[in-house]
Ligand code: PMP
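Residue numbers (the numbering used here): 13 to 407.
The following block contains the structure:
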């Protein structure tokens with residue numbers, strides 16, 4: 013057995029990572045998370061951020077954050093149910109509900125927390141959660157925390173979903189279908205209109221994780237539900253405030269009943285301190301900006317289309333993304349990591365993504381084009397992709 017405190021059981025696993033060529037140190041960023049950054053001391057083009065709209069360093073939002081700090085301090089001081097529920101938390105929820113065109117919105121400290129806390133709170137023993145096989149890890153963990161039974165359907169396969177619904181409708185009290193709105197590793201959009209129809213047919217509830225749809229899809233970034241015009245037909249419309257919105261946090265939009273229940277029973281609300289005022293102030297400003305103009309979302313889509321077309325023309329396999337998420341699929345894990353390392357050496361940061369984040373044998377680099385990239389930066393990045401891609405016989 014040896015001395016368990018030396019953590020030899022972990023050292024062995026770490027050695028395996030090294031052997032598989034997927035061991036890495038966390039990169040260190042010395043600048044704001046913008047389109048050109050200093051990473052590990054080197055200036056590079058950043059193609060790995062979820063900062064879709066460039067809001068993470070937006071001057072109006074920074075000013076709003078500072079004003080919130082001056083008014084409320086740097087921390088909220090408690091969980092919401094005790095004395096950590098400030099008027100700006102409630103203001104943010106009103107702003108989000110209006111923006112999402114839903115009755116109410118309930119905020120959490122992160123998108124991860126939101127999934128973990130909400131799924132558990134809205135399901136119980138005797139229920140069945142039906143989840144797309146490619147749903148995000150935070151949904152999987154949220155399902156694990158729930159006392160309901162769980163099952164998966166094949167990715168975006170409506171026959172598979174209907175089969176599960178048909179087989180289980182009479183065996184369970186409530187059924188809950190959960191899907192990512194935009195799948196984070198491939199960039200494809202959920203078939204939400206069909207999912208909603210099936211949910212209505214079999215009387216199941218629906219839950220959409222719109223981490224990558226918020227601020228990206230729909231009018232001014234209102235998300236996947238808005239993109240398909242499905243307002244009022246999705247029970248739980250979850251989103252993050254950490255990606256396109258540029259700050260931190262998560263929320264779920266839906267009915268007032270949902271709001272009241274979550275405020276009593278979602279565990280991150282009861283047992284974890286609420287969002288800091290600076291974050292809340294900045295997010296309120298972000299939603300104001302999105303409500304005023306489509307300039308940022310328009311630029312995001314233009315840039316994404318431009319970049320994707322250039323990579324496709326060079327012969328890279330960019331999968332079947334329908335959104336700004338642009339995977340470049342390599343296959344072998346170690347080759348994907350090597351591609352990422354070589355791109356970095358040549359001044360472009362695109363993180364390598366391998367198992368367990370994506371299935372084995374589908375190692376890739378995932379490019380995140382943003383509204384803030386200039387055409388000159390995108391052209392430079394494409395040149396580097398071409399050079400390294402040819403050198404490694406990828407194209
Ligand atoms: N859901 C999805 C689909 C995500 O991609 C992420 C972020 N990786 C999350 C939830 C968690 O969001 P956050 O980073 O705000 O905790």
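No residue lacks a Cβ here, since even glycine has one placed at the ideal position from N, Cα and C. Please read all numbers here as calculations on a predicted model, not as lab measurements.
| query | Using a threshold of 7 Å, is the CB atom of residue 127 nearer than that to any non-hydrogen atom of ligand 1? | reply | Yes.
| said: I'd like the span of the alpha helix (DSSP H) that includes residue 130, first residue to last. | reply: Looking at the DSSP string, the run of the alpha helix (DSSP H) that includes residue 130 is 123–134.
| field | residue 217 - partner residues in DSSP beta bridges | value | In the DSSP assignment, residue 217 forms a beta bridge with 188.
| request: Can you tell me which of the three DSSP states residue 163 falls into? | output: Here residue 163 sits in strand by DSSP.
| said: Given this structure, state the Cα-to-Cα distance separating residue 141 from residue 75, to the nearest angstrom. | reply: Cα-Cα distance, rounded: 42 Å.
| said: For residue 260, count the other beta carbons within 10 Å of its own beta carbon; 16 or more makes it buried, fewer makes it exposed. Which is it? | reply: Under this definition residue 260 is a buried residue.
| In the DSSP assignment, what are the bridge partners of residue 376? | Bridge partners of residue 376: 341 and 365.
| Distance cut-off 7 Å: residue 235 Cβ against heavy atoms of ligand 1 | No, the Cβ of residue 235 stays beyond 7 Å of every heavy atom of ligand 1.
| query | Since residue 250 is in the beta strand (DSSP E), which residue starts that stretch and which ends it? | reply | First-last of the beta strand (DSSP E) with residue 250: 248–252.
| said: Need the endpoints of the alpha helix (DSSP H) that residue 5 sits in, please. | reply: Look at the range of the chain in this structure, 13 to 407, and you will see that residue 5 is not part of it.
| query | With DSSP run on the structure shown, which of helix, strand or coil describes residue 283? | reply | It is helical.
| Does the beta carbon of residue 202 fall short of 7 Å from some heavy atom of ligand 1? | Every heavy atom of ligand 1 is 7 Å or more from the Cβ of residue 202, so no.
| request: Return yes when the C-beta of residue 227 is under 7 Å from any heavy atom of ligand 1, and no when it is not. | output: Checking every heavy atom of ligand 1 against the Cβ of residue 227, none is found closer than 7 Å.
| task | Run the CB neighbour count on residue 26, radius 10 Å, all protein chains shown included, and call it buried at 16 or more, exposed below. | result | Answer is exposed; the Cβ neighbour count stays below 16.
| query | Can you round the beta-carbon distance between residue 311 and residue 111 to whole angstroms, since I take them to be within the 8 Å contact cut? | reply | That belief does not hold up - the Cβ atoms of residue 311 and residue 111 are roughly 19 Å apart, past 8 Å.
| message | DSSP three-state label for residue 261, please. | response | Residue state for residue 261 is assigned as coil, using DSSP reduced to three classes.
| request: Count the other CB atoms, across all protein chains shown, that sit within 10 Å of the CB of residue 268; report buried if there are 16 or more and exposed otherwise. | output: For residue 268, the number of other beta carbons within 10 angstroms of its own is below 16, and it is reported as exposed.
| request: Return the Cβ separation of residue 346 and residue 33 in integer angstroms, given the expectation that the two are a contact with Cβ distance under 8 Å. | output: Their Cβ separation, rounded to whole angstroms, is 3 Å, which keeps residue 346 and residue 33 in contact under 8 Å.
| said: Just verifying my parser: in three-state terms, what is the DSSP assignment at residue 143? | reply: Strand, per DSSP.
| In angstroms, rounded to a whole number, what distance separates the CA positions of residue 245 and residue 218? | When rounded, the separation of the alpha-carbon atoms in residue 245 and residue 218 is 8 Å.
| said: Between residue 143 and ligand 2, is there a pair consisting of the residue's CB and a ligand heavy atom that are separated by less than 7 Å? | reply: Looking at this structure, you won't find ligand 2 anywhere; what it does contain is ligand 1.
| Got a sec: does ligand 1 put a non-hydrogen atom nearer than 7 Å to the Cβ of residue 298? | Taking the Cβ of residue 298 as the reference point, every heavy atom of ligand 1 lies at 7 Å or farther away.
| field | As assigned by DSSP and simplified to three states, the class of residue 54 | value | In the structure shown, residue 54 sits in a strand (DSSP, three-state: E or B).
| Minimum C-alpha distance to residue 282 - residue among 273, 321 and 290 | Nearest of 273, 321 and 290 to residue 282, Cα basis: 273.
| message | Counting C-beta neighbours from all protein chains within 10 Å, is the total for residue 404 16 or more, i.e. buried, or is it exposed? | response | Looking at its Cβ environment, which holds fewer than 16 other Cβ atoms inside 10 Å, residue 404 is exposed.
| Distance CB(residue 57)-CB(residue 48) smaller than 8 Å | Closer than 8 Å, so yes.
| request: Just grab the DSSP bridge partners of residue 237 for me. | output: The beta-bridge partner set that DSSP reports for residue 237 is empty.
| query | Who are the Cβ neighbours of residue 150 in its own chain at under 7 Å, not counting the five residues just before and after it? | reply | Counting only residues of its own chain and dropping the five nearest sequence neighbours on each side, residue 150 has a CB closer than 7 Å to the CB of 123, 124, 127 and 128.
| task | Starting from the C-beta of residue 337, find all residues in its chain whose C-beta is less than 6 Å away, skip the five residues before and the five after it, and write them out in chain order. | result | For residue 337, where only same-chain residues beyond five positions count, the Cβ hits under 6 Å are 199.
| message | In the DSSP output, which residue or residues are listed as bridge partners for residue 201? | response | Bridge partners of residue 201: 194.
| Span separating the alpha-carbon of residue 206 from that of residue 288 | Answer to the nearest angstrom: the Cα atoms are 39 Å apart.
| field | Test item: CB-CB of residue 394 and residue 358 under 8 Å | value | No, the pair does not count as a contact, with Cβ atoms beyond the cut-off.
| field | CB-CB length for residue 308 against residue 65, believed under 8 Å | value | 4 Å between Cβ atoms; contact.
| message | Going by C-alpha to C-alpha distance, which of 247, 221 and 242 sits closest to residue 253? | response | Across the set 247, 221 and 242, the C-alpha of 221 shows the shortest separation from the C-alpha of residue 253.
| said: Could you compute how far the alpha carbon of residue 216 sits from the alpha carbon of residue 189? | reply: Approximately 7 Å, taken between the alpha carbons.
| Start and end of the alpha helix (DSSP H) containing residue 67? | Looking at the DSSP string, residue 67 is not in any alpha helix (DSSP H), and its letter there is neither H nor E.
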